[in-house]
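Everything on this sheet refers to the single structure shown next.
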Amino acid sequence: MSNEVKSIFGSSPPPVAGDVLFGGNKEYWSANACISHWGEDGHSYKSGFRKAALHLATHVCATSSDQDLLIYPIVYLYRHHIEMVLKDIFRDGSFLLGRNITNDDEKKLITHNLQIVWDLVLPLLNPVSILIEGRELPPEDLEGISSYIQQIHRHDPDGQRFRYARIRQKKPNAPKGTYVNRRSLEPELTLINVGDFAIHLEKLADYLDGLQGWIAECAQWQREEEANAR
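Going by the UniProt record's numbering, the residue at position 62 of the sequence shown is 62; the numbering climbs one at a time, nothing skipped.
Written out as structure tokens, the structure is:
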């Protein structure tokens, strides 16, 4: 079937069984994305979510359009970026301090609760900074990050509120297995300025990305030193 044929449900042609979804295209090679299978492949994931959020926010601000639709992926993408970076900071920071990651830590790390993850990370930051630089991080910086995390957590405690319109929650004081289906976001949240949100989240991402890169580099150096000493 030709790509010129329209679907009965839209202007695009319908899906065809022979279409290849995952693979390269020799004619449109400049759009071929290389899937990383070497080195620190987590960097591509983290950077990709952040870059996608910024592109969407830039589109909204440049065109003054689509903000009511794109706010959901924008918040979700930025939030997921922050979550991934914090988890990497915790793992590398723990390594530098010789701190074993416990089973309880691992249980917390598989959640999408930013506040829980931040509460794991925060106590490590000054000890790591003292170990590397001989001084603590500026307290106002940590206060600012804590404020941002608290605000995000207040409206999206589980990473699902901007991903799904409705969530299923256990009904208070109800028998086991009794759930209620309700709107994901609380009714008091009525407006989000996309420009302001993106500016603030870029500030947070810049700081945490820099912190994560700094800690990761030191952790890698220590791993190499330990390997050479064997």
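Just so you know, even glycine gets a beta-carbon here, dropped at the ideal spot from N, CA and C. What you are looking at is a predicted structure, and each value in this text was computed from that prediction instead of being measured.
- Each residue's CA atom was taken as its position, placing R135 and L96 some 16 Å apart.
- If you ignore the 5 residues before and after L137, its C-beta comes within less than 7 Å of the C-beta of L125, N126 and S129, all in its own chain and listed in chain order.
- Scanning Y78, P187, K6 and L69 for the CA closest to the CA of G48 turns up Y78.
- I145 and D88 have their alpha carbons spaced roughly 16 Å apart.
- Between the alpha carbons of D156 and Q115 lies a distance of about 10 Å.
- Looking only at Q169, L189 and A174, the smallest Cα-Cα distance to N181 is reached by Q169.
- The beta carbon of V85 lies closer than 7 Å to those of K46, L208, D209 and Q212 in the same chain, with the five residues before and after it left out.
- For the pair I35 and L204, the CB atoms are not nearer than the 8 Å cut-off.
- When rounded, the separation of the alpha-carbon atoms in L201 and L189 is 18 Å.
- If you ignore the 5 residues before and after H153, its C-beta comes within less than 6 Å of the C-beta of L114 and Q115, all in its own chain and listed in chain order.
- For I167 and G98, the gap between their C-alpha atoms comes out near 40 Å.
- Assignment of S7 by DSSP, reduced to helix, strand and coil, places it in the strand class.
- Listed in chain order, the non-local C-beta contacts of Y164 below 7 Å within the same chain comprise S184, local neighbours out to five positions each way being set aside.
- Take the alpha-carbon of F22 and the one of N32: they are about 10 Å apart.
- Here Y164 carries a coil assignment [DSSP, helix/strand/coil].
- According to the DSSP secondary-structure assignment, K170 is paired through a beta bridge with Y179.
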